[in-house]
Each structure stands twice: as C-alpha cells, then as structure tokens.
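*Asks:*
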Amino acid sequence: MSKYEISMDVINRFGPFKEFKQDGSIVSVELVNGKVIERVLLIYPNQVFSVQGETQMPFNPKEVVRVFQTEVDLATRTSSSWSFFGV
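The numbering of the sequence shown is my numbering, which starts it at 73 and goes up by one.
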C-alpha cells in the first residue's frame, strides 16, 4: 500500500462514492482521533490525489476510519489551484 492509499476495507465499507469525473470523487475522511478532513480528491478506488488547500498530504491514510460525502464534497470540483500529490 502506497503512502497515498486508503485501506480497501474502509473504502468497501463506506463506498461507492458519487463521481464528479470518471474515477474521481471528492470525499471527506474521518481519522482515528475524530478529526474530519473535507474535500479530498479520491481517485478510483482508494488513491488520495489531492486535498483542497493543501500542498502536502495532511493526514496518514492508515488513520482513516471512515470515508463519506457531504453536500459540500458533492458540489466541489477541482481546479488548477489544487496541488496534486505523488505526481
């Protein structure tokens, strides 16, 4: 598992997620400490590709206990201002 992958167990438990583009979903993640991070670009099926407003990965994917979509996530689209990880 790469440093950008959320466990498939977590993804399968809470997915599938609505896509804004083929194989791309904007989701929120909840970490083991209860912190929620919104507007996470998840590329099918479990690769974190970007987080709005962040230039580096702001969380450890191994700490994700829940993945979900809010109305904000569903209305969000990526733009050139987003930084992409592992590119």
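Every residue, glycine too, gets a C-beta built ideally from N, C-alpha and C.
Given the structure is predicted, the values throughout are model-derived calculations rather than measurements.
Which whole-angstrom value describes the C-beta separation of Ile188 and Thr148, a residue pair presumed to lie in contact below a C-beta threshold of 8 Å?
*Replies:* With the chain running from 73 to 159 in the structure shown, residue 188 is simply not present.
*Asks:* Please identify the residue among Phe86, Lys75, Gly87, Phe140 whose C-alpha is closest to the C-alpha of Val112.
*Replies:* Phe140
*Asks:* So, at 6 Å on beta carbons, what are the nonlocal neighbours of Phe157 in its own chain, with the 5 sequence-adjacent residues on each side left out?
*Replies:* Tyr76, Met129
*Asks:* Would you identify the three-state DSSP class for Arg111, choosing helix, strand or coil?
*Replies:* strand
*Asks:* Should Asp81 be labelled buried (16 or more other beta-carbon atoms within 10 Å of its own) or exposed?
*Replies:* exposed
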